[in-house]
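Engineer:
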Amino acid sequence: MTPVFRFAPSPNGLLHLGHAYSALKNFDMARAAGGRFLLRIEDIDTARCTPELEARMLDDLQWLGLEWEEPVRRQSEHFSDYRAALETLADAGLAYRSAMSRGDIRRFVEAHEATGAIWPRDPDGAPLFPGRDHDDGSDEGGVWRLDVAAARDHLGHKTDPGWIEEGTGPDGETGWQAADPAIWGDFVLARRDTPTSYHLSVVVDDALQGVTHVVRGRDLFAATAAHVLLQDLLGLPRPVYHHHDLVMDDDGARKLSKSRGDMALAALRAAGTTSDDVRRMVGLPKTV
Ligand code: GLU
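Its first residue numbered 103, the sequence shown is counted upward by one per residue in the working numbering.
1) Could you spell out where the alpha helix (DSSP H) holding valine 305 opens and where it closes?
2) Contact check, valine 342 vs isoleucine 266 under 8 Å by CB: the rounded distance?
3) Which residues does DSSP pair with glutamine 279 in a beta bridge?
4) Are alanine 251 and glycine 264 closer than 8 Å when you measure CB to CB?
5) Residues bridged to methionine 103 by DSSP?
6) Are the Cβ atoms of proline 113 and isoleucine 143 separated by less than 8 Å?
7) Helix or strand or just coil, what does DSSP make of serine 112?
8) By the 10 Å Cβ neighbour count, where 16 or more other Cβ atoms means buried, how is lysine 127 classified, buried or exposed?
9) Can you tell me whether DSSP reads isoleucine 285 as helix, strand or coil?
10) Mark glycine 136 as exposed unless 16 or more other C-beta atoms lie within 10 angstroms of its C-beta, in which case mark it buried.
11) Pairing CB atoms from the stretch 208-223 with CB atoms from the stretch 174-181, are three or more of them under 8 Å?
12) Any heavy atom of the ligand GLU inside 7 Å of the beta-carbon of glutamate 169?
13) Who are the Cβ neighbours of phenylalanine 289 in its own chain at under 7 Å, not counting the five residues just before and after it?
14) Let me make sure I understand the geometry here. Which of Asp321, Val330, Glu156 and Glu171 has the alpha-carbon closest to that of serine 303?
15) Return yes when at least one heavy atom of the ligand GLU lies under 7 Å from the C-beta of alanine 110, else no.
16) Is it the case that the CB of glutamate 215 approaches a heavy atom of the ligand GLU more closely than 7 Å?
17) For the pair the stretch 235-244 and the stretch 331-338, tell me if three or more CB-CB distances fall below 8 Å.
18) By how many angstroms is the C-alpha of alanine 373 removed from the C-alpha of methionine 383?
19) Near cysteine 151, what residues of its chain come up, given a Cβ to Cβ distance below 7 Å and the 5 sequence neighbours on each side ignored?
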């Protein structure tokens, strides 16, 4: 079976060295494995992702020396695929419409913590959703959430909730990773203004595109628990995962971010940097 790799950026800002590292690493690994390399544009946030940013992104990636298969999959053109997956989950009683707003959740958690109790947080530090029992539900307009308890019951013993990590997690995790499906609580499957979510669309697309190797930044290691759960619920194959190190800022303290305008490739290009310079800067070998 030919291995299939993908780089899946979101055109909501300019690409920086961290993206270059991830893209080149995927590309090099695909080449070394005699595999395919796909580019996927994750633009479900149609307010922040623009055609101009996408065009600049493609230009930067070409400049880096990447070659990908055409046509490129653009998520905003495939909302019906994600809706079908959501319907599968809803029909099985595993997804529900939730009426609680962010403010409602905050007030709920504050009231709970005022008693001295501690409310559980997800790996990003956000309070877990209080659950279906605390939600009045919504006929329309609310966000869709996964009912994790129902999902667990539904899978029973048929699941093998974990993945093979070929890279390393934040604490050096490698090899077989048992995934705790509950760490994200009843996470969002579709938003009010976007008919899907990152977790749902990434899982649907990796399967539709036959991706066998997910190579991405370590900041997405914890998200894999949500991804393997959705794969099991939707009957989708499990890729292997390789989470790689993040390119840090000059102080080595923080990962680069688009919002801080860190080290945009466009600025490096304008300053005369070459793509081989970029490879050297992120510690990857020169192109052969
Ligand atoms: N689109 C995500 C990002 O820009 C990456 C998704 C993934 O590789 O799973 O961070």
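Think of the CB as a built atom: it goes at the ideal place given N, C-alpha and C, for glycine as much as any other residue. Keep in mind the model is a prediction, meaning the values are calculated, not measured.
Structural biologist: With the given structure in hand:
1) 300-310
2) 5 Å
3) In the DSSP output, where bridge partners are listed per residue, glutamine 279 has Trp265.
4) For alanine 251 and glycine 264, no; Cβs fall outside 8 Å.
5) DSSP output for methionine 103 lists no bridge partner at all.
6) yes
7) coil
8) buried
9) helix
10) exposed
11) no
12) no
13) Within the same chain, and ignoring the five residues on either side of phenylalanine 289 in sequence, the residues whose Cβ sits closer than 7 Å to its Cβ are Arg247, Leu248, His301 and Ala328.
14) Val330
15) yes
16) Incorrect: glutamate 215 has no Cβ contact closer than 7 Å to the ligand GLU.
17) With the cut-off at 8 Å, the stretch 235-244 and the stretch 331-338 do not touch.
18) Straight-line Cα distance between these residues: approximately 14 Å.
19) Ser112, Pro113, Asn114 and Asp145
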